[in-house]
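Below is one structure, written out as structure tokens; comments come after it.
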Amino acid sequence: MNSEIRIPDGSVHEALNTPQETTAWLISRGLVPEGASLQSYCQNRLVGLRGDLRKAFTALISGIAVDPRVLDGINAALTAAPHTPLLHHVPGEGFFRSLEHPTTQLIEHAMSVIAEDAAALIAGDDAPLLAQCEAEPCSRLLLKTHGRRQWCSTRCGDRVRAARAYARKRTQANLTPR
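Position 162, counted from 1, in the sequence shown is what our numbering calls 294; the numbers after and before it change by one each time, with no gaps.
Below is the structure:
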């Protein structure tokens, strides 16, 4: 979700900007193997899923109804790759289970894992803790694990506190007779 970040200067940092950046982002999260190379089609599908998840999270936070097409997109990602680990056997080592996701289904597997985590959050006990960072213009989402938590990071909190302090100083300076 937080792969698209609004920077205080108003610009947007997009971690999924190119197929190469998308591949690197997925590799760094263990969702595709080292050496994988995704195409722009895969990148666009992942960006589409992120958009659907953002809309679902926003609906949850705002208490509004979610568009059924958003749920269709998330459910399509949930069912795009097999989730049941298959049974394997290696002579001398024994049996083990692992998910099969051939290279032709790398993006489907990654999207299904991301969608599964998001669905577990939205439908789980932590759903009421989901919030948007209150620092403008930050667009990150967070879990409010403490009642007073308002920001996604110390950096956002520091920026808000610094802006408040600056505003107080300006107000005091304007009230001081010259």
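Here a beta-carbon is modelled for each residue, glycine too, at the ideal position from N, C-alpha and C.
The structure presented is a predicted model; accordingly, all values stated were derived computationally and were not measured.
Backbone secondary structure at GLY183 - three-state DSSP: In the sequence shown, counting from the first residue as 1, residue 183 sits at position 51. GLY183 falls in the helix class under three-state DSSP.
For a test of the three-state rule: what should DSSP assign to SER230, helix, strand or coil? For the purposes of this step, residue 230 is taken as the residue at position 98 of the sequence shown. Here SER230 sits in strand by DSSP.
Have a look at the DSSP bridge pairing and note the partners of ARG280. Counting from one through the sequence shown, the residue named residue 280 turns up at place 148. Looking at the DSSP assignment, ARG280 forms no beta bridge with any residue, so it has no partner.
Nearest candidate by alpha-carbon position, reference LEU288, set THR277, ARG272 and GLY279: Walking along the sequence shown from the start, residue 288 turns up at place 156. Checking the displayed sequence, the identity of residue 288 turns out to be Cys instead of Leu. Ranking THR277, ARG272 and GLY279 by Cα distance to CYS288 puts ARG272 first.
In three-state terms, what does DSSP make of GLU136? Mapped onto the sequence shown, residue 136 falls at position 4. If DSSP states are grouped into helix, strand and coil, GLU136 belongs with the strands.
Burial state of ASP290 (16 or more Cβ within 10 Å): For the purposes of this step, residue 290 is identified with residue 158 of the sequence shown, where counting begins at 1. Note on ASP290: under 16 other CB atoms within 10 angstroms of its CB, so exposed under the neighbour-count rule.
Would you kindly work out how many angstroms separate the C-alpha atoms of LEU231 and GLN237, rounded to a whole number? For this step, residue 231 is matched to residue 99 along the sequence shown. For this step, residue 237 is matched to residue 105 along the sequence shown. Distance between LEU231 and GLN237, taken at the CA atoms: about 12 Å.
Sorry if obvious, but does the Cβ on SER160 come closer than 7 Å to a heavy atom of the ligand SAM? Absence of the ligand SAM from the depicted structure is noted, as is the absence of any ligand whatsoever, leaving it without description.
Status (buried if at least 16 other CB within 10 Å, exposed otherwise) for ARG293: For this step, residue 293 is matched to residue 161 along the sequence shown. Result: exposed.
Between GLY205, GLU136 and GLU268, which lies nearest to ALA251 when the distance is taken from Cα to Cα? For the purposes of this step, residue 251 is identified with residue 119 of the sequence shown, where counting begins at 1. If we check each option's Cα against that of ALA251, GLY205 comes out closest.
Hey, PRO276 and ALA255 are a contact pair by Cβ (cut 8 Å); roughly how many whole angstroms apart? The residue you call residue 276 lines up with position 144 of the sequence shown. The residue you call residue 255 lines up with position 123 of the sequence shown. Before going on, a small fix: residue 276 reads as Lys here, not Pro. Their Cβ separation, rounded to whole angstroms, is 18 Å, which puts LYS276 and ALA255 out of contact at 8 Å.
Backbone CA spacing between LEU164 and GLY226 [nearest angstrom]: Your numbering for residue 164 matches position 32 in the sequence shown. Your numbering for residue 226 matches position 94 in the sequence shown. The sequence given here places Val at residue 164; Leu does not occur at that position. Rounded to the nearest angstrom, the two C-alpha atoms are 26 Å apart.
Are the CB atoms of GLU266 and TRP283 nearer to each other than 8 Å? To locate residue 266, count along the sequence shown from 1; it is residue 134. To locate residue 283, count along the sequence shown from 1; it is residue 151. Yes; because the gap between Cβ atoms is below 8 Å, this pair is in contact.
Range of the contiguous alpha helix (DSSP H) that encloses GLN152: Indexing the sequence shown from 1 puts residue 152 at position 20. Counting along the chain, the alpha helix (DSSP H) containing GLN152 begins and ends at 151–160.
Determine, using beta-carbon pairs with one atom in the region 187–196 and one in the region 169–177, whether at least three such pairs fall under 8 Å. The region 187–196 is not in contact with the region 169–177.
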